[in-house]
Amino acid sequence: MQSSSSYPEAVEQLIAGFRRLPGVGARTAERLALAVLRWTPEELHDFGLLLATLPERVGECRVCGNLAEDDLCPVCRDPARDQSIICVVENADQVPVIERSGGHRGLYHVLGGRIVPLDGIGPEDLRIGELRARLDSGEVRELVLATGSDIEGEATATYLARELRRPGLAITRIATGIPVGADLAFADSATLATALNSRRPVG
Amino acid sequence: MSILHQLRLRGFRNYSRLDMSFRPGVNLLVGGNGQGKTNLLEAVYFLSLLRSFRTSRIAELCEWGRSSFFVGGRMGSSGGAAGTVGLAVGVGKVRRMRVDGRRIHRASEFIDKFHCVALVPEDIHLIRGPAAERRRFLDILLSQADRRYLHVLGGYKRLLKSRNAMLRNSGRFGLSAIAAFDEQLLRAGAALIGARARLQERLKASVVGEWKGLSEGPGGELSVEYKSMLRQGEHCEDSEADMIETYRRMLADTVDQDLKEGWTRVGPHRDDLLIFLDGRKLSAFGSEGQCRRAALALRLASIQFLSRSESVKVVVLVDDVLGELDLERRMRFGERLSACAQVLLALTEVPDWLPRGPAATYNVGNGAVIRVQG
Numbered sequence: 755m756q757s758s759s760s761y762p763e764a765v766e767q768l769i770a771g772f773r774r775l776p777g778v779g780a781r782t783a784e785r786l787a788l789a790v791l792r793w794t795p796e797e798l799h800d801f802g803l804l805l806a807t808l809p810e811r812v813g814e815c816r817v818c819g820n821l822a823e824d825d826l827c828p829v830c831r832d833p834a835r836d837q838s839i840i841c842v843v844e845n846a847d848q849v850p851v852i853e854r855s856g857g858h859r860g861l862y863h864v865l866g867g868r869i870v871p872l873d874g875i876g877p878e879d880l881r882i883g884e885l886r887a888r889l890d891s892g893e894v895r896e897l898v899l900a901t902g903s904d905i906e907g908e909a910t911a912t913y914l915a916r917e918l919r920r921p922g923l924a925i926t927r928i929a930t931g932i933p934v935g936a937d938l939a940f941a942d943s944a945t946l947a948t949a950l951n952s953r954r955p956v957g
Numbered sequence: 373m374s375i376l377h378q379l380r381l382r383g384f385r386n387y388s389r390l391d392m393s394f395r396p397g398v399n400l401l402v403g404g405n406g407q408g409k410t411n412l413l414e415a416v417y418f419l420s421l422l423r424s425f426r427t428s429r430i431a432e433l434c435e436w437g438r439s440s441f442f443v444g445g446r447m448g449s450s451g452g453a454a455g456t457v458g459l460a461v462g463v464g465k466v467r468r469m470r471v472d473g474r475r476i477h478r479a480s481e482f483i484d485k486f487h488c489v490a491l492v493p494e495d496i497h498l499i500r501g502p503a504a505e506r507r508r509f510l511d512i513l514l515s516q517a518d519r520r521y522l523h524v525l526g527g528y529k530r531l532l533k534s535r536n537a538m539l540r541n542s543g544r545f546g547l548s549a550i551a552a553f554d555e556q557l558l559r560a561g562a563a564l565i566g567a568r569a570r571l572q573e574r575l576k577a578s579v580v581g582e583w584k585g586l587s588e589g590p591g592g593e594l595s596v597e598y599k600s601m602l603r604q605g606e607h608c609e610d611s612e613a614d615m616i617e618t619y620r621r622m623l624a625d626t627v628d629q630d631l632k633e634g635w636t637r638v639g640p641h642r643d644d645l646l647i648f649l650d651g652r653k654l655s656a657f658g659s660e661g662q663c664r665r666a667a668l669a670l671r672l673a674s675i676q677f678l679s680r681s682e683s684v685k686v687v688v689l690v691d692d693v694l695g696e697l698d699l700e701r702r703m704r705f706g707e708r709l710s711a712c713a714q715v716l717l718a719l720t721e722v723p724d725w726l727p728r729g730p731a732a733t734y735n736v737g738n739g740a741v742i743r744v745q746g
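Quick note, the sequences are listed as chains G and B, same order.
When you line the first sequence up against the working numbering, it's residues 755 to 957, in that order.
When you line the second sequence up against the working numbering, it's residues 373 to 746, in that order.
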């Protein structure tokens, strides 16, 4: 542990705060803290207020569990979205990723995690009841399961597919495979094997 | 797929600092007991498999008083060096793995860089030890031959642990969550069983000849049989789809009992490789000498398995396994070793049973190695 005790206690605490962020090491945290020190009092106040009011301003969408500033998230509020397709993701941070892809025009459902027996996380810890209630309303025709492709993500998808199966509802799973534009030589063998298993006819 | 040209050790067992090179063919390591011959073989083995053949506690590999060590190697074809592998290990944990200077994170990217088979006294556990020893033997061999096996094995282990965790906490997870994980468990488990069964066929074919070479007189017939509760008898040709169905049924039949006891009783984690001499179980009836020679025959058969393709070179590490062999058997064994791409042979004195002079001879003493020939 290198000592950086040449800073005042308040700056030390700021550095420690930045270090909690993903991808930030000791050196970067120090630079961020020093950069913030150069801000005007107004800038600091505004930024601090933003952080302090975050819990009251940002919550979960009542319908889908996505991040929302109001009762409903921007996706659920948008009448142009296809109400018959719901894409199921593990966490809210996956919604903007799929949004940017432009490949999904329907709604979302954020589970709030996945089934991880080794961490004691079971189906009841996820927003599965809420999803079932949405399906009960009868408007949904397709459920796209976009949980992760690792063991727990796959198992959660299998679990949902079995639990939510009902007439008139198509349940699909996003494909796993070779990144678009990637050279096969750079794909790891597990990805390539999955891609080969889920091959489809062409022409 | 290559042989070892150079070895670098820092703080490994009794080697504070060692840089040495090896030749293709037989490399003779000569020295008294306790001088560090086995430590050298152990370091090379670690470089290949990230484990020791002597201990499961990696911290023991550190030089006395240190908390980390480094093992590095330069590998290549028998013509010249082509790649490097480096491992920095802290107490009990691999900290950094590098292949050709590039940092890698998964053991599975490491394990097929070069293939080692160790012939060591501890091999007796293959015969006398619990079934887990023989499963590990199969698993290591299959992982060396195909890194995808290691990937599936890692997945299976996680799935099994997850299932057991759900069995012990069934109120929270329920049968449908267990069933969802079972879908993957079945597939991974069936793939492992299929691969092990195919390996058994290969071993069965070559172990007979290897045993003859090590035996005096008729010596009987050594055979191996992979035993899995998911394969009835000898039906190796069972399709994987059939096996998955059997597996599914057996898991369903036993889930109540599993729930009661909190562990999974069906699957490849309970399999065994049975070893017979003339149809009788060797572990129960064999003499110490027979068991040691059978273990040696299994190791030689696994060299055959790994060498099945021209491009694969196997590095053979030999330590103190000749006690059971008379001169004629030793000479046959020497012939066998001479045919290998590279052998590191540890002995207390220069042997009289090698068909020709070694490629290189080293004196090993007190944490230092000096090349005296080659």
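Ideal placement from N, C-alpha and C gives every residue a C-beta, glycine not left out.
All values derive from a computational prediction rather than experimental measurement.
I'd like to confirm the pairing. Which residues does DSSP put opposite residue i in its beta bridges?
i	result
residue 399 of chain B	B/716 and B/732
residue 863 of chain G	G/842
residue 488 of chain B	B/687
residue 425 of chain B	Beta-bridge pairing links residue 425 of chain B to no other residue.
residue 620 of chain B	Per DSSP, none; premise fails for residue 620 of chain B.
residue 653 of chain B	B/648
residue 434 of chain B	B/384
residue 378 of chain B	B/393 and B/446
residue 814 of chain G	G/821
residue 458 of chain B	B/444 and B/470
residue 1037 of chain G	Within the shown structure, residues of chain G are numbered from 755 to 957, placing residue 1037 of chain G beyond reach of any answer.
residue 698 of chain B	Answer by DSSP bridge pairing: none, since residue 698 of chain B is not bridged.
residue 595 of chain B	B/648
residue 927 of chain G	G/899
residue 870 of chain G	G/875
residue 737 of chain B	B/740
residue 747 of chain B	The structure shown does not extend to residue 747 of chain B, since chain B is modelled only from 373 through 746, so no value can be given for it.
residue 836 of chain G	G/860
residue 745 of chain B	B/733
Kindly indicate if chain G contains any beta-carbon less than 7 Å away from that of residue i.
i	result
residue 552 of chain B	yes
residue 468 of chain B	no
If residue i sits next to residue j, beta carbons under 8 Å apart, how far is it from one beta carbon to the other, in whole angstroms?
i	j	result
residue 716 of chain B	residue 401 of chain B	6 Å
residue 923 of chain G	residue 894 of chain G	7 Å
residue 813 of chain G	residue 806 of chain G	Rounded, the Cβ-Cβ distance is 15 Å, inconsistent with contact.
residue 616 of chain B	residue 564 of chain B	Residue 616 of chain B to residue 564 of chain B, Cβ: 12 Å. No contact.
residue 426 of chain B	residue 505 of chain B	Actually they do not touch by this definition, with Cβ atoms about 14 Å apart.
residue 802 of chain B	residue 649 of chain B	Chain B is shown only over 373 to 746; residue 802 of chain B falls outside these bounds and no answer can be derived.
residue 547 of chain B	residue 597 of chain B	Incorrect: roughly 35 Å between the Cβ atoms, too far for contact.
residue 688 of chain B	residue 457 of chain B	Rounded, the Cβ-Cβ distance is 18 Å, inconsistent with contact.
residue 718 of chain B	residue 698 of chain B	Their Cβ separation, rounded to whole angstroms, is 20 Å, which puts residue 718 of chain B and residue 698 of chain B out of contact at 8 Å.
residue 510 of chain B	residue 571 of chain B	6 Å
residue 684 of chain B	residue 487 of chain B	6 Å
residue 532 of chain B	residue 639 of chain B	7 Å
residue 913 of chain G	residue 549 of chain B	6 Å
residue 787 of chain G	residue 820 of chain G	Not confirmed; about 32 Å, so no contact.
Under a CB-based cut-off of 7 Å, is residue i close to chain B?
i	result
residue 912 of chain G	yes
residue 833 of chain G	no
residue 949 of chain G	no
residue 943 of chain G	yes
residue 755 of chain G	Confidence in residue 755 of chain G is poor, its pLDDT being 46 and thus under 50, which makes the residue's placement too unreliable to answer from.
Below 9 Å on C-beta distance, what does residue i contact in chain B?
i	result
residue 872 of chain G	530, 533, 534 and 537
How would you list, in chain order, the residues of chain B whose beta-carbon sits under 7 Å from the beta-carbon of residue i?
i	result
residue 869 of chain G	549
residue 876 of chain G	544, 545 and 549
Let me check you understand the geometry: is the CB of residue i closer than 6 Å to at least one non-hydrogen atom of the ligand ZN?
i	result
residue 857 of chain G	Among the components modelled here there is no ligand, and therefore nothing to report on the ligand ZN.
Residue i versus chain B: which residues are under 8 Å apart at the beta carbon?
i	result
residue 770 of chain G	Those do not exist, as residue 770 of chain G stays about 25 Å from chain B at its closest Cβ, beyond 8 Å.
residue 916 of chain G	548, 551 and 552
Please list, in chain order, the chain G residues whose beta carbon lies closer than 7 Å to that of residue i.
i	result
residue 555 of chain B	912
Proximal residues, the region 510 to 541 of chain B versus chain G, C-beta separation under 8 Å: 519, 520, 523, 527, 530, 531, 533, 534, 535, 537, 538 and 541
Closer than 7 Å, Cβ to any Cβ of chain G: which residues of the region 652 to 666 of chain B, in chain order? none
Residues, ordered as in the chain, of the region 882 to 910 of chain G that lie near chain B by beta-carbon distance below 7 Å: If the cut-off is 7 Å between Cβ atoms, the region 882 to 910 of chain G has 905, 908 and 909 near chain B.
Contact set between the region 621 to 651 of chain B and chain G, restricted to residues whose Cβ is under 7 Å from the partner: none
Members of the region 833 to 865 of chain G near chain B, C-beta cut-off 8 Å: Against chain B - using a Cβ distance shorter than 8 Å - the region 833 to 865 of chain G contributes no residues.
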